[in-house]
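Novice: Take a look at this one; I'll ask things after.
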Amino acid sequence: MANFQKLTPRSEDYSKWYNELVVKADLAEQSAVRGCMVIKPYGYAIWETIQAELDRRFKEKGVKNAYFPLLIPKSFLSREAEHVEGFAKECAVVTHHRLKNDPNGKGVIVDPDARLEEELIIRPTSETIIWSTYKNWISSYRDLPILCNQWCNVMRWEMRTRLFLRTAEFLWQEGHTAHATKEEAEDYARQMLDVYADFAENVMAIPVIKGVKSPNERFAGALNTYCIEAMMQDGKALQAGTSHFLGQNFAKSFDVQYLSKENKYEYVWATSWGVSTRLMGALIMTHSDDNGLVLPPHLAPTQVVIVPIFKKQEDLDKLMTVVAPLFDKLKARGIRVKLDTDDKSTPGFKFADYELKGVPVRLAMGGRDLENGTIEVARRDTLTKETLPLAGIEEHIVNLLEEVQKNCYQKALDYRIANTREVNSYDEFKEEIKKGGFLLCHWDGTPETEEQIKNDTKATIRCIPLEALPGHKQEEGKCMVTGKPSAGRVVFAIAY
RNA sequence: CGGGAUAUAGUUCAGCCCGGUUAGAAUGCCUGCUUUGGGAGCAGGAGGUCGUGAGUUCGAAUCUCGCUAUCCCGACCA
Numbered sequence: 000m001a002n003f004q005k006l007t008p009r010s011e012d013y014s015k016w017y018n019e020l021v022v023k024a025d026l027a028e029q030s031a032v033r034g035c036m037v038i039k040p041y042g043y044a045i046w047e048t049i050q051a052e053l054d055r056r057f058k059e060k061g062v063k064n065a066y067f068p069l070l071i072p073k074s075f076l077s078r079e080a081e082h083v084e085g086f087a088k089e090c091a092v093v094t095h096h097r098l099k100n101d102p103n104g105k106g107v108i109v110d111p112d113a114r115l116e117e118e119l120i121i122r123p124t125s126e127t128i129i130w131s132t133y134k135n136w137i138s139s140y141r142d143l144p145i146l147c148n149q150w151c152n153v154m155r156w157e158m159r160t161r162l163f164l165r166t167a168e169f170l171w172q173e174g175h176t177a178h179a180t181k182e183e184a185e186d187y188a189r190q191m192l193d194v195y196a197d198f199a200e201n202v203m204a205i206p207v208i209k210g211v212k213s214p215n216e217r218f219a220g221a222l223n224t225y226c227i228e229a230m231m232q233d234g235k236a237l238q239a240g241t242s243h244f245l246g247q248n249f250a251k252s253f254d255v256q257y258l259s260k261e262n263k264y265e266y267v268w269a270t271s272w273g274v275s276t277r278l279m280g281a282l283i284m285t286h287s288d289d290n291g292l293v294l295p296p297h298l299a300p301t302q303v304v305i306v307p308i309f310k311k312q313e314d315l316d317k318l319m320t321v322v323a324p325l326f327d328k329l330k331a332r333g334i335r336v337k338l339d340t341d342d343k344s345t346p347g348f349k350f351a352d353y354e355l356k357g358v359p360v361r362l363a364m365g366g367r368d369l370e371n372g373t374i375e376v377a378r379r380d381t382l383t384k385e386t387l388p389l390a391g392i393e394e395h396i397v398n399l400l401e402e403v404q405k406n407c408y409q410k411a412l413d414y415r416i417a418n419t420r421e422v423n424s425y426d427e428f429k430e431e432i433k434k435g436g437f438l439l440c441h442w443d444g445t446p447e448t449e450e451q452i453k454n455d456t457k458a459t460i461r462c463i464p465l466e467a468l469p470g471h472k473q474e475e476g477k478c479m480v481t482g483k484p485s486a487g488r489v490v491f492a493i494a495y
């Protein structure tokens, strides 16, 4: 094996480990354009599973997919003052529409005569273009609700980027809904939060805290922002999804009104909600270990890999009489299974490589197993293996995949619980926050106090939990900084 | 945008301080043989405008200046 390079261990340098893992597990790589990534086939396959699972859940909620343009007229972004303030600093602007040959013979230059009358903004999010369109779609209460989603790319010109976690261009879905009443819109924003939480926990095996954002962390232009927050293995928080109740802000900015049953004009109520390729970062930092990626089975492009161990073609032929039917049986059970008969790399290499790629279950069969009627079953999450009778192994594999899925979730949840603690004084807070994790504290509800805490410690309020966390009560108290009354403990953490 | 560093083979890096024929290593890649139950071994081979532009010099990867790009720290952001 000579100088094969292992991953940097997490304990040594967590962010180095992350960067290496993303590249070595073949998920993504840096592109020629600063801040933009190439998502490689293996990484994209995982994203496609995320898309498929979410898309199905959206459709169950009555959502339809649509597509709105990449480019947004600059004037649209001026309509909603608060909204534009949130994004103005990170927008890419299209100013010209033509290139021409450089008269000095050095390739092409931007044709100065081709300046756009109105500059176009590459979407940082699509509220404005969508609401300018919804205006044309809505005239009566009969047109409501409108429940649209789009899968697309957006661009936010970030200063500092990291693969999946923060890139200048990223993939996401953005849902945009229009409702007749405030109650319906608020309820819908909440429902979509539940969709996200259900998806995160049951498919990605990531435990999340459902909550509301404090005013400082709220989406620009929203009246209320709901979120799901997850804890990474280094104790930092990562926002995994958001759902906004936008009130009538965009309806008023774009003059979207409907005629009610009572023949009165009313402004429409709105929501928007989204998750992005950042979920890939959450996935990696929740489950993976020093040997590589760990994928929960529900998300793994390959759930089971079968590795026959052979020296000669005859050996493989013999093994195939057993392994090929097994492959078919597993496939028939709906398992995403791969049979690796490649003779160009050794079993040892394959074992290490499938571990790096996070394949949940690995089956190995060689001459000894063939004689004994057994097969070696290795699970990625625990790195354990056992030799089992081949007869009826499919049933075991089906159950094992579910067990791995559950274990991934439980491990992550145990970690979060172990690193979530109540803190009552600000002095204690300043010490505890250095250790990472979530701190449950009383806060007086003012942006000023949150700002002060952020300046002192870099910690922010990740959310105001909607329900009590396991092992903790929702209770009134006094703000740890000002001593003023607090309605309940909120979650503080250092965030990604 | 401030502060620091780096730029040499596909990748990671050595060489630079102290200028001198043909710029090295590891890994990866290609070929052949031998191998295959935890990242195989041996032999051979291909692969470089030394980021870019100027300057100093008989001579520059090496010294000087400009430019560009990347990375780290800060600021900004979710």
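Here the first sequence is numbered in numbering that gives the first Met the number 0, starting from 0 and rising by one per residue. Glycine included, C-beta positions come from ideal geometry on N, C-alpha and C.
(1) Does the Cβ of Gly108 have 16 or more other Cβ atoms within 10 Å, making it buried, or fewer, making it exposed?
(2) To the nearest angstrom, how far is it from the Cα of Pro446 to the Cα of Lys212?
(3) Taking its Cβ as the centre, do 16 or more other Cβ atoms sit within 10 Å of Gly470, making it buried, or is it exposed?
(4) Look at the alpha carbon of Glu228 and the alpha carbon of Arg461, and state the distance between them as a whole number of angstroms.
(5) Is the number of C-beta pairs between the region 224-243 and the region 404-420 that are closer than 8 Å three or more?
(6) In angstroms with no decimal places, state the Cα-to-Cα distance between Tyr17 and Ile45.
(7) Helix, strand or coil for Thr7, going by three-state DSSP, please let me know.
(8) Nearest to Trp136 by alpha carbon, out of Met191, Val255 and His441?
(9) Which parts of the region 329-400 are runs of the beta strand (DSSP E), unbroken and 3 residues or longer, counting only runs that do not cross its ends?
(10) According to the Cβ coordinates, are Glu173 and Phe249 closer than 8 Å?
(11) Can you give the Cα-Cα distance for Lys99 and Ile121, rounded to whole angstroms?
(12) Leaving aside the five residues before and after Glu157 along the sequence, list all residues of the same chain whose C-beta is less than 8 Å from its C-beta, in chain order.
(13) In whole angstroms, give me the CA-to-CA distance for Gln302 and Ile334.
(14) Go through its chain and collect everything with a Cβ distance to Gly246's Cβ below 6 Å, but skip five positions before and after it.
(15) So who's on the other strand from Trp272, going by DSSP bridges?
(16) To the nearest angstrom, report how far apart Ala1 and Pro295 are at their CA atoms.
(17) Among Trp272, Ile432, Ala269 and Lys349, whose alpha-carbon lies nearest the alpha-carbon of Ile308?
(18) Please report the Cβ distance between Leu465 and Gly210, rounded to the nearest whole angstrom; I am assuming they are in contact, meaning their Cβ atoms lie under 8 Å.
(19) Checking 8 Å against the spacing of the C-beta atoms, do Glu28 and Met36 come in under that value?
(20) Based on the DSSP output, what are the partners of Pro464 in its beta bridges?
(21) Using the C-alpha atoms, what's the distance from Gly435 back to Thr94?
(22) Kindly confirm or deny that the region 412-428 and the region 437-444 touch, where touching means at least three C-beta pairs closer than 8 Å.
(23) Would you decide whether Leu170 is buried or exposed? Buried here means 16 or more other CB atoms lie within 10 Å of its CB.
(24) Where does Arg159 land, buried or exposed, given buried means 16+ other C-beta within 10 angstroms?
(25) Check whether the Cβ atoms of Glu402 and Lys328 lie closer than 8 Å to each other.
(26) Let me know the beta strand (DSSP E) ranges lying completely inside the region 395-464, each 3 residues or longer, listed in chain order.
(27) Since Val194 is in the alpha helix (DSSP H), which residue starts that stretch and which ends it?
(28) Whole alpha helix (DSSP H) runs in the region 260-310 with 4 or more residues, listed along the chain?
(29) Are Ile128 and Phe163 touching if we call contact CB-CB under 8 Å?
(30) Tell me, to the nearest whole angstrom, how far the beta carbon of Lys73 is from that of Leu119; I am working on the premise that it is less than 8 Å.
(31) Tell me the DSSP secondary structure of Gly476 in three-state form.
(32) Could you check the C-alpha separation between Asn148 and Ser259 for me, to the nearest Å?
(33) Give the single residue among His286, Phe198 and Met154 whose Cα lies nearest to the Cα of Asn124.
(34) In three-state DSSP terms, what is Lys235?
(35) Return the first residue and the last residue of the alpha helix (DSSP H) that His82 is part of.
(36) Going by alpha carbons, who is nearest to Ser517 out of Ala199, Arg189 and Trp268?
Specialist: Concretely, from the data shown:
(1) The residue asked about is misnamed: residue 108 is Ile in this sequence, not Gly. Ile108 comes out exposed.
(2) 11 Å
(3) exposed
(4) 7 Å
(5) yes
(6) 17 Å
(7) coil
(8) Val255
(9) 336-338, 360-364, 373-378 and 383-388
(10) no
(11) 22 Å
(12) Gly34, Glu89, Arg165, Thr166 and Ala167
(13) 7 Å
(14) Leu222
(15) Gly174 and Ser242
(16) Low per-residue confidence applies at Ala1: pLDDT is 34, beneath 50, and the placement is therefore not dependable, though the value from the model is reported in the following sentence. If I take the Cα positions, the gap works out to 32 Å.
(17) Lys349
(18) 6 Å
(19) yes
(20) Gly210
(21) 44 Å
(22) yes
(23) buried
(24) exposed
(25) no
(26) 419-421, 437-441 and 459-464
(27) Lys181 to Asn201
(28) 277-286
(29) no
(30) 7 Å
(31) strand
(32) 25 Å
(33) Residue identity check: residue 124 is Thr in the sequence provided, not Asn. Ranking the options by Cα distance to Thr124, first place goes to Met154.
(34) coil
(35) Ala80 to Phe86
(36) Coverage of the chain is limited to positions 0 through 495, which leaves residue 517 absent and any answer about it impossible.
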